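Residue numbers (this note's numbering): 682 to 859. A quick write-up on the structure given underneath.
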Ligand SMILES: [Zn+2]
């Protein structure tokens with residue numbers, strides 16, 4: 682899985698907690714590519730498409746990264762990448778090996794502060810990592826944790842309304858008192 686010594690590709694990972702602006706940052710990074718036909722944007726989350734309307738880059742909704750055409754584009758972007766399984770690591774490293782520019786945005790930690798394997802591993806392989814923070818809902822300091830407001834124990838639960846971004850201190854406090 683290691684990169685080839687001849688690789689000229691790039692892997693940029695944007696991570697952080699809920700509401701930290703990851704997708705907006707991803708969009709700002711791919712906006713610079715004028716020829717949109719060479720840019721492939723992927724997500725497996727249907728409601729995300731509206732974010733890309735202004736860009737006029739179609740966001741391809743896929744259920745598995747195995748559906749990604751590895752040759753079609755020069756630039757690849759994966760939004761909400763925590764929703765893809767571990768195969769995303771293989772796909773992204775293979776794209777980079779083929780000289781592609783790859784942008785990945787996604788949550789680094791789940792609501793229990795357990796890393797998402799795919800994102801965490803891609804952060805290790807990345808040429809650049811941007812870790813964004815939100816604003817703590819309780820104290821207003823920079824937030825790095827996604828606190829879940831509901832009792833749902835499913836690991837994958839989308840929807841901003843189910844979470845509040847918290848700083849580490851407030852997150853730890855809430856975990857104890859919940
Ligand atoms: Zn706080």
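The beta-carbon is built from N, C-alpha and C at its ideal position, and this holds for glycine as well. Quantities reported herein were computed from a predicted structural model and do not represent experimental measurements.
In the three-state scheme derived from DSSP, where H, G and I count as helix and E and B as strand, residue 777 is classed as helix. Counting only the Cα atoms, residue 760 lies some 14 Å from residue 770. Residue 785 is a Cβ neighbour of residue 694, given a cutoff of 7 Å. Selection 855, 691 and 697 evaluated against residue 801 yields 697 as nearest (Cα-Cα). Counting C-beta pairs closer than 8 Å gives three or more between the region 816 to 826 and the region 837 to 850, which meets the contact rule. Taking 7 Å as the cut-off, the beta carbon of residue 776 is found closer than this to the beta carbon of residue 757. Residue 753: not part of any alpha helix (DSSP H); DSSP gives it neither H nor E.
Taking the Cα of residue 781 as reference, the smallest distance to any Cα among 750, 796, 805 and 787 is reached at 750. A residue is called buried when at least 16 other Cβ atoms come within 10 angstroms of its Cβ; residue 840 does not meet this threshold and is exposed. A distance of 7 Å or more separates the beta carbons of residue 691 and residue 831. By a beta-carbon distance limit of 8 Å, residue 814 does not contact residue 724. Their separation comes to about 22 Å.
At least one heavy atom of ligand 1 lies closer than 6 Å to the C-beta of residue 819.
Spatial neighbours of residue 753 in its own chain (CB-CB distance under 8 Å, excluding positions within 5 residues in sequence) are listed in chain order as 721. Cβ-Cβ distances below 7 Å link residue 779 to 690 and 751 in the same chain, with the five nearest sequence neighbours on each side left out; the list follows chain order. When rounded, the separation of the alpha-carbon atoms in residue 742 and residue 855 is 35 Å.
One Cα belongs to residue 791, the other to residue 836, and the distance between them is close to 7 Å. In this structure residue 763 is buried. Its beta-carbon is surrounded by 16 or more other beta-carbon atoms within 10 angstroms.
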